[in-house]
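Each remark here refers to the structure printed beneath this line.
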Amino acid sequence: MKTNNFRSAYFFLIALLIGGLISGFDYSEKDGKETLVLNDSAYYEAEGVNILMFSNWYNGYFSDSKMSGIEVIHHGKRTVTNGDVRLNHTPEQWDPIPKFVKKEVDSLNHIVKAWLEYPNFGYMIRTQPQDDDLLISVHLDNPLPAELEGKAGFNLEFLPAAYFEKTYLMDGKAGIFPLYPSGPTTVDEAGNTVPVPLADGHRMVLAPEDDYRRITVESEQELLFFDGRNKAQNGWFVLRSLIPSGKKGKVIEWRLHVSAVGGWLREPVISFSQVGYHPSQMKQAVIELDRRDKGLSQASLLKVDESGNRKTIFEGPVKMWGQYHRYQYGIFDFSDVSEPGLYVVKYGDLQSRVIRVDKDVYEGVWHPTLDIYMPVQMDHVLVNEAYRVWHGASHLDDALQAPVNHEHFDLYAQGPTTDSPYRPGEHIPGLNIGGWYDAGDYDIRTQSQYHTVLRLVHAWEDFDLFRDETLVDQENRFVDLHHPDGKNDILQQIEHGALALVAQHRAVGHAIPGIIVPYISQYTHLGDGLTMTDNLIFDSSLDSLEVRYPYSGTFDDRWAFTSKSTPLNYGSASALAAASRALQEINPELARECLETAVRVWNHEQGKEPDIFYVGNTTGGPLLLEELRATTELLITTGEEKYAGRIRALWPDIRQQFGYLITSLFPALPYMDEAFVNQVKERTRQYAETMDSLKYRNPFGVPITEGGWAGNETIIENGVANYMIYKAFPDVVDKESVFRAINYILGCHPGSDISFVSGVGLHSKKVAYGMNRADFSFIAGGIVPGVLILKPDYPENKEDWPFLWGENEYVITVAGSFIYLANAVQSLVEDL
């Protein structure tokens with residue numbers, strides 16, 4: 028909703044007068060304490076305490092994403108999740124989850140009910156406050172099926188990081204939360220590890236010594252307390268009561284008490300770009316406030332000198348923007364300050380981190396991404412950094428033909444035929460070259476490969492990039508960081524991606540969805556990718572431990588999913604056409620093959636009905652998008668009129684779906700006729716008018732998405748699109764839309780002031796979801812998804828827990844886009 032200053036001030040005044048009522052607060056007083064009540068957003072609330080009841084749901088693709096059931100936000104931090112009936116003591120990600128049926132909210136009596144079901148039984152969970160406690164009960168219409176006795180129970184999971192270095196009491200007996208999992212466990216008849224409770228009883232008090240984290244659970248049913256990390260590094264502490272056999276009706280009841288600190292208000296967050304600002308750039312700090320905070324009307328800017336002294340050089344108003352989700356926001360503009368130096372924003376007694384102002388603040392912000400993150404993600408090579416080996420040359424046994432009619436657990440699938448010359452299970456030679464690990468796992472997702480190659484090529488072309496900090500030896504499968512080899516690193520990365528793409532066409536004649544391990548036991552592997560396989564080609568005629576080099580009987584090879592997809596084929600062709608331009612400099616033979624392959628693919632797909640095979644996110648984007656990409660890149664590379672003619676023929680459809688096609692269309696404009704460019708400009712004006720409202724939807728002025736995967740990629744891509752529009756039509760959009768995108772990524776966003784690019788900026792992500800996640804560490808230059816908006820209103824990005832992939836997982840596609848955006852911003856500030 029558009030917010031102007033008058034309306035912001037009005038609503039701020041109302042908030043001061045009636046406090047929390049503006050947001051649906053309904054606090055009651057009992058014996059001088061706030062009583063837990065159900066607010067207008069259908070979650071329970073007291074001072075410092077929010078208890079959600081099935082506001083969010085498990086991820087549909089990846090099962091348990093630790094954001095469902097009963098959840099607790101405790102003094103501003105989400106510390107409890109997954110309050111639900113589960114079939115395991117400490118469920119892992121792909122263990123069974125129930126199906127959500129419905130939820131009923133009785134606002135008058137503050138009762139919430141949720142109905143769920145497994146294939147062989149259903150149940151209802153009911154919550155109702157009693158003073159400042161919450162009664163949680165599980166109800167069955169029929170007794171538990173015999174096969175689930177001793178398995179089904181009500182679980183509540185507690186974030187380990189919230190309870191490290193704290194204690195607990197079970198029926199008065201004290202314990203310490205283990206910093207690292209060390210049992211106890213046992214083994215069942217099938218040889219599977221089974222967790223044993225750390226404690227059991229009927230009254231559990233977590234962190235009795237900490238008013239900000241103390242939670243008490245009481246039940247007549249036995250409480251079992253487990254450490255889920257014994258089964259999986261991403262496990263949480265689990266409190267559990269088994270459903271009794273032969274019972275129906277109310278079978279479990281817990282009394283949950285969450286401690287609240289009287290008068291607690293969340294401390295304000297002063298967010299800004301952690302790399303700083305150019306002297307001539309607009310400079311704004313966004314101040315995030317608890318919705319009950321009265322706020323301050325003024326802030327000041329202090330300059331830090333060589334002795335550490337801080338002198339006020341500017342004072343100005345904090346203009347209240349209004350409320351966005353659960354917080355209210357004010358904006359402090361200090362754009363008039365242009366003298367280079369170090370500054371802090373002072374808001375009341377709170378001071379921000381140091382802000383740098385200088386002309387070169389954006390120079391090199393992309394270097395860690397190219398120097399570190401991208402090489403670390405390189406598959407099929409050994410990656411060394413000084414005394415450290417990031418990983419060996421992995422997956423040299425790639426790849427076996429995937430079985431037909433098979434749906435993989437990670438969004439891949441094989442159709443009714445192989446669409447290749449190979450039988451299911453047969454080795455496909457030539458796929459063990461190039462490519463990047465897609466994300467925090469080890470698959471070669473073709474969509475990721477071609478998107479990354481495209482962004483790198485355009486960054487190289489548009490900004491004339493040269494950097495040499497990495498040795499890449501493809502022949503010997505060796506990469507060494509911080510070791511110049513006389514070659515342009517960005518071209519070597521383009522080559523690595525192109526090698527993987529062209530290998531697919533050599534092997535099967537078309538682009539394939541990708542290459543991935545067949546089993547979850549391999550997929551959950553953490554650490555060196557080399558240790559996933561023996562790098563020997565699987566031969567089913569050999570015994571499991573038999574080796575006849577280069578074959579072995581150990582089935583640890585990845586599968587290649589090879590079903591045809593016209594959109595995917597076009598997408599691959601677009602990257603190969605683009606790569607052919609870049610690779611002329613370092614590998615002209617590969618450049619020629621890339622272009623010949625791209626031309627062949629385009630001609631082939633143009634001459635037939637498309638093969639449409641959409642599964643998950645591995646089989647290409649929308650057909651129009653992918654065809655336009657390929658056509659644009661071939662037009663740029665060849666200059667041939669047939670490609671320009673095809674773009675003109677697609678224009679009616681492009682007009683209708685203009686917004687998400689900008690970055691695929693605009694590179695073609697210099698090669699199109701004036702009449703077409705004018706059509707595009709007019710449509711761009713219409714688009715810009717619509718997008719202009721974005722700056723009023725949230726205080727950060729960017730498109731913040733609210734799905735199960737946080738939106739940094741969308742924001743970066745929007746910044747790239749706005750830059751391309753500005754360069755083509757500078758009178759249609761302004762530079763600030765590009766600056767807002769990078770400012771958001773580098774720290775000016777909800778929830779915190781952290782830079783989402785590890786190692787970039789004063790304060791950046793140091794705990795992230797890469798192959799390194801079990802070490803609670805980071806890969807410099809990796810970009811995480813960012814702020815995840817948990818329904819109905821909670822922005823989250825955890826810095827103390829890397830395993831929430833929707834917030835913290837590095838993805839290779841974002842790396843290429845960030846390199847482009849960072850250089851776009853640098854080119855803009857050079858003109859200031």
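At position 379 of the sequence shown (counting the first as 1) the number is 406 in the numbering used here, and the numbers step up by one without a gap. Virtual Cβ for every residue (Gly too), placed ideally from N, Cα, C.
In this structure, G457 sits away from I471, with a CB-CB distance that is not shorter than 8 Å. Inter-segment contact for the region 734-748 and the region 829-845 is present: three or more beta-carbon pairs are separated by less than 8 Å.
Non-local beta-carbon contacts of F341 in its own chain, meaning distances under 8 Å to residues more than five positions away in sequence, involve S327, L328, F361, D363, V364 in chain order. Non-local C-beta neighbours of P443 in its own chain, meaning closer than 8 Å and more than five positions away in sequence, comprise V431, N432, ordered along the chain. Here K722 carries a helix assignment [DSSP, helix/strand/coil]. Beta-bridge analysis with DSSP links W586 to L427, I543. Two segments are said to touch when three or more pairs of C-beta atoms, one from each, lie closer than 8 Å; by this definition the region 807-818 does not touch the region 304-317. D584 and D424 do touch by the CB rule: their CB atoms are close to 5 Å apart, below 8 Å. Excluding its 5 nearest sequence neighbours in each direction, L662 has C-beta neighbours in its own chain below 6 Å: Y670, A671, A695, Y698, listed in chain order.
Membership of H478 in the alpha helix (DSSP H) is indicated by the continuous run 473-490. Relative to the Cα of V296, the nearest Cα in the group R318, P812, G290 belongs to R318. The way I'd put it, the region 179-186 does touch the region 254-265; three or more beta-carbon pairs between them come closer than 8 Å. Boundaries of the alpha helix (DSSP H) around I681: 668-683. In this structure, A179 keeps its C-beta atom at 8 Å or more from the C-beta atom of L135.
Between E823 and G778 the beta-carbon gap is near 6 Å, inside 8 Å, which marks them as a contact.
In the three-state scheme derived from DSSP, where H, G and I count as helix and E and B as strand, K193 is classed as coil. Judged by DSSP secondary structure, F693 falls outside any alpha helix (DSSP H); it is assigned neither H nor E.
Leaving aside the five residues that flank F588 on each side, the residues in its chain whose CB is nearer than 8 Å to its CB run, in chain order, A429, H435, Y439, A440, Q441, I539, P540, G541, I542, I543, T645. The Cβ atoms of E249 and D227 sit closer than 8 Å to each other. The Cβ atoms of S447 and V574 do not sit closer than 8 Å to each other.
Three or more Cβ pairs closer than 8 Å define a contact, and the region 650-666 meets that threshold against the region 599-619.
One thing to note: I358 has its Cβ within 8 Å of the Cβ of K346. Taking the Cα of N77 as reference, the smallest distance to any Cα among Y150, Q120, P156 is reached at P156. For the pair N257 and P208, the CB atoms are nearer than the 8 Å cut-off. For the options V223, Y351, K126, V628, the alpha carbon positioned closest to that of R533 is the one of V628. Going by beta carbons, T690 and M751 fall inside the 8 Å limit. By the Cβ neighbour-count rule, L206 is exposed, with fewer than 16 other Cβ atoms within 10 Å of its own. DSSP, reduced to helix, strand and coil, places D500 within a strand of the structure shown. The three-state reading of DSSP puts Q378 in strand, counting E and B together. Excluding its 5 nearest sequence neighbours in each direction, G276 has C-beta neighbours in its own chain below 8 Å: H166, L167, listed in chain order. If you draw a straight line from the Cα of G368 to the Cα of V384, it comes to about 5 Å.
Judged by DSSP in its simplified three-state form, F766 adopts helix. Comparing alpha-carbon positions, the option among E333, E294, K126 lying closest to E315 turns out to be E294. Considering only I138, K200, L143, the residue with the shortest C-alpha distance to R153 is I138. In its chain, beyond the 5 residues on either side, Q308, M309, V852, L855 have a beta carbon closer than 8 Å to the beta carbon of F766. Distance between L650 and T473, taken at the CA atoms: about 16 Å.
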